[in-house]
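In this note's numbering, the protein residues as written are 7 to 187.
Glycine included, every Cβ here is placed at the ideal spot set by N, Cα and C.
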Amino acid sequence: MLRVSASRPARPTLDTERLKLHRVTPEHTDGFAALYAKPEVMRHLTGRPRSHEETVAHVAKMMGHWETHGFGLFAVTLREAPAVVMGRAGLCYLEDTGLVEIAYLFDTPYWGRGLATEVGRELLRWGFEELELERIIGIANLENVASQAVLRKLGMAHEGRAFHYGNDVERFSCSRTSWSG
Ligand SMILES: CC(C)(COP(=O)(O)OP(=O)(O)OC[C@H]1O[C@@H](n2cnc3c(N)ncnc32)[C@H](O)[C@@H]1OP(=O)(O)O)[C@@H](O)C(=O)NCCC(=O)NCCS
Numbered sequence: 007m008l009r010v011s012a013s014r015p016a017r018p019t020l021d022t023e024r025l026k027l028h029r030v031t032p033e034h035t036d037g038f039a040a041l042y043a044k045p046e047v048m049r050h051l052t053g054r055p056r057s058h059e060e061t062v063a064h065v066a067k068m069m070g071h072w073e074t075h076g077f078g079l080f081a082v083t084l085r086e087a088p089a090v091v092m093g094r095a096g097l098c099y100l101e102d103t104g105l106v107e108i109a110y111l112f113d114t115p116y117w118g119r120g121l122a123t124e125v126g127r128e129l130l131r132w133g134f135e136e137l138e139l140e141r142i143i144g145i146a147n148l149e150n151v152a153s154q155a156v157l158r159k160l161g162m163a164h165e166g167r168a169f170h171y172g173n174d175v176e177r178f179s180c181s182r183t184s185w186s187g
């Protein structure tokens, strides 16, 4: 598995035109708890809201991923409101595989503004240019047409059906050589 070397450490923040991505810390816990408490946000992930205790455990898991692999998920804020967590996005290992997946999730008022596509473009750039990954996977539940649309807009190729996290999903991928930037 990839471990980003000390000579090219992963940056703790990334920027897009409208968003700022911050490496996850315990200070983001309450922001994530508010997001994870919404059934609409969690519908295609866990299928149910997460409790505060589950959020605390999930924040620890995200921080552990950064410590182990040198990259991971970010708390997302608007650039003009860097203290308010309105999303989560990043790159992480797809469970039980050696594959790295792209992930994004936003609070409901921010849907439909192109933000997932905007953050996805920056994550692919980060993954291929800075982390020097060879391949990035994207998965979305069969009913999650918005997420599938985002993966297609990012230029990821549809591989077909797969089974991950206990669900049938549509799986997409992009390789460094096919990535158009
Ligand atoms: C999925 C999610 C990240 C999309 O974020 P977003 O910022 O609204 O995405 P974008 O605006 O960049 O693009 C969404 C695309 O899906 C399309 N779309 C949305 N709902 C759709 C629907 N019901 N049917 C068809 N297309 C749909 C939009 O039209 C848009 O495509 P377009 O730009 O070509 O019109 C957001 O809905 C979300 O956070 N959902 C909850 C968490 C989640 O499911 N995360 C993904 C897990 S795989």
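Within 10 angstroms of the Cβ of residue 37, are there 16 or more other Cβ atoms? Answer buried if so, exposed if not. Burial call: buried.
So, are the CB atoms of residue 124 and residue 146 less than 8 Å apart? Not in contact: residue 124 and residue 146 (Cβ atoms no closer than 8 Å).
Looking at the strands, I want to know which residues DSSP matches up with residue 77. DSSP lists no partner for residue 77.
Mind listing, in chain order, the continuous beta strand (DSSP E) runs of no fewer than 3 residues lying wholly within the stretch 99-175? 106-112, 141-147, 163-170
For a test of your reading of the model: does the CB of residue 145 fall under 7 Å from any non-hydrogen atom of ligand 1? Yes or no. yes
Where residue 12 and residue 184 are concerned, what is the direct C-alpha to C-alpha distance, given to the nearest angstrom? At residue 12 the pLDDT is 44, less than 50, meaning the model places this residue with poor confidence and gives no usable figure here.
Restricting to Cα atoms, I'd like to know which of 96, 143, 151 is closest to residue 118. If we check each option's Cα against that of residue 118, 151 comes out closest.
Enclosing alpha helix (DSSP H) for residue 25 [first to last residue]: Counting along the chain, residue 25 falls outside any alpha helix (DSSP H), though it belongs to the beta strand (DSSP E) covering 25-29.
Starting from residue 84, follow its DSSP beta bridges and name the residues at the other end. Beta-bridge pairing links residue 84 to 25, 87.
Here's the rule: buried if 16 or more other CB atoms are within 10 angstroms of the residue's CB, otherwise exposed. What is residue 181? exposed
Taking the straight line between their C-alpha atoms, what separation do you get for residue 169 and residue 105? 14 Å
Taking 8 Å as the cut-off, decide whether the C-beta atoms of residue 95 and residue 51 are in contact. no
Residue 187 classed as buried or exposed, judged by whether at least 16 other C-beta atoms fall within 10 angstroms: exposed
Classify residue 47 as buried or exposed, calling it buried when 16 or more other Cβ atoms lie within 10 Å of its own Cβ. buried
Could you check if residue 122 belongs to the surroundings of ligand 1, using beta carbon to heavy atom distance under 7 Å? yes
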